[in-house]
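Asker:
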Amino acid sequence: EAGVTQFPSHSVIEKGQTVTLRCDPISGHDNLYWYRRVMGKEIKFLLHFVKESKQDESGMPNNRFLAERTGGTYSTLKVQPAELEDSGVYFCASSQGPARNTEAFFGQGTRLTVV
Amino acid sequence: AQSVTQLGSHVSVSEGALVLLRCNYSSSVPPYLFWYVQYPNQGLQLLLKYTSAATLVKGINGFEAEFKKSETSFHLTKPSAHMSDAAEYFCAVSQPGTYKYIFGTGTRLKVLA
Chain A
1 EAGVTQFPSH
11 SVIEKGQTVT
21 LRCDPISGHD
31 NLYWYRRVMG
41 KEIKFLLHFV
51 KESKQDESGM
61 PNNRFLAERT
71 GGTYSTLKVQ
81 PAELEDSGVY
91 FCASSQGPAR
101 NTEAFFGQGT
111 RLTVV
Chain B
1 AQSVTQLGSH
11 VSVSEGALVL
21 LRCNYSSSVP
31 PYLFWYVQYP
41 NQGLQLLLKY
51 TSAATLVKGI
61 NGFEAEFKKS
71 ETSFHLTKPS
81 AHMSDAAEYF
91 CAVSQPGTYK
101 YIFGTGTRLK
111 VLA
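Listed in order, the protein sequences are those of chains A and B.
In terms of this note's numbering, the first sequence has 62 at position 62, counting the first letter as 1, and numbering is strictly consecutive.
In terms of this note's numbering, the second sequence has 69 at position 69, counting the first letter as 1, and numbering is strictly consecutive.
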């Protein structure tokens, strides 16, 4: 069974450009999460989908970030326009049940560098 | 507010030596606690989790962790380090009623031959 897949694995863009990250969760997982790790710091929660609905987006930094989950399947995270401080590794995770009770499976992450 | 503190961003041990990675948490209610590991070029993988059952939790690859409420700690141990254990380890807390993890800053483990 395929795990959580993220692409691209790396992206280098200039400040002001737009980038879209994609996450394909494990098939059948209703819960999908986005996290971000800025270099040297902790992995921070961004948002949580249950199927296609945003359950919690309290961690989204600002309105330059837009997450969607089409039909409750894959998800995209768009950053527009990108700023230097957006650089980091973006992780996607999915789980069958709520994270507190079940294991969340993580993807390899997308390393975003804004120059 | 919940928080997780991992002491030591880098830990080096000799092959065959004890591995001890420290994690302290802050939570106003009994937490659920997790250890994840990230091997190079891979995603985070669950090592073990504590969800209010036994306080000594055994995980994969010979790792275990003990939940100590009085010390608010959940330290990760392994009796004998292998070269393959070199990775970054993350402690995380998730409170009942929430769906998100709060992670520590991670500890990078280096195993010396």
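The beta-carbon is built from N, C-alpha and C at its ideal position, and this holds for glycine as well.
Note that the coordinates shown come from a computational prediction; the quantities given were computed from them, not determined experimentally.
1. May I have a chain-ordered list of the beta strand (DSSP E) segments no shorter than 3 residues that lie completely inside the segment 36-93 of chain A?
2. What whole-angstrom Cβ distance do Q38/B and C91/B have, given they're in contact under 8 Å?
3. Report the option in K15/A, I13/A, M39/A, G3/A whose CA atom is closest to the CA atom of T105/B.
4. Flag this pair as touching only if the segment 72-90 of chain B and the segment 23-36 of chain B have three or more C-beta atom pairs under 8 Å; answer yes or no.
5. Starting from C23/B, trace the beta strand (DSSP E) in both directions and tell me its first and last residue.
6. How big is the Cα-Cα spacing for F34/B and Q80/A?
7. What does F63/B pair with, by DSSP beta-bridge criteria?
8. If you follow the beta strand (DSSP E) that L109/B is part of, which residue opens it and which one closes it?
9. Measure the Cβ-Cβ separation of F91/A and G109/A and say whether it is below 7 Å.
10. Just to check my reading of the structure: N57/B and L48/B have Cβ atoms closer than 8 Å, yes? What is that Cβ distance to the nearest angstrom?
Answerer: Considering the structure as presented:
1. 43-50, 53-56, 65-69, 75-79
2. For the purposes of this step, residue 38/B is taken as residue 38 along the second sequence, with counting starting at 1. For the purposes of this step, residue 91/B is taken as residue 91 along the second sequence, with counting starting at 1. The Cβ separation is near 12 Å, so there is no contact.
3. Numbered from 1 along the second sequence, position 105 holds the residue referred to as residue 105/B. Taking only the C-alpha atoms, the option nearest T105/B is M39/A.
4. yes
5. Here residue 23/B refers to the residue found at position 23 when the second sequence is read from its first residue. C23/B -> no beta strand (DSSP E), and no H or E assigned at all.
6. For this step, residue 34/B is matched to residue 34 along the second sequence. For this step, residue 80/A is matched to residue 80 along the first sequence. Approximately 33 Å, taken between the alpha carbons.
7. One-based indexing of the second sequence puts residue 63/B at position 63. Answer is none; F63/B lacks a bridge partner.
8. Taking the first residue of the second sequence as position 1, residue 109/B is located at position 109. 107-112 is the extent of the beta strand (DSSP E) around L109/B.
9. Position 91 of the first sequence, counted from the first residue, corresponds to residue 91/A. Position 109 of the first sequence, counted from the first residue, corresponds to residue 109/A. For F91/A and G109/A, yes; Cβs fall inside 7 Å.
10. Along the second sequence, one-based indexing puts residue 57/B at 57. Along the second sequence, one-based indexing puts residue 48/B at 48. The amino acid occupying residue 57/B in the given sequence is Val; Asn does not appear at that position. Confirmed, Cβ separation roughly 5 Å.
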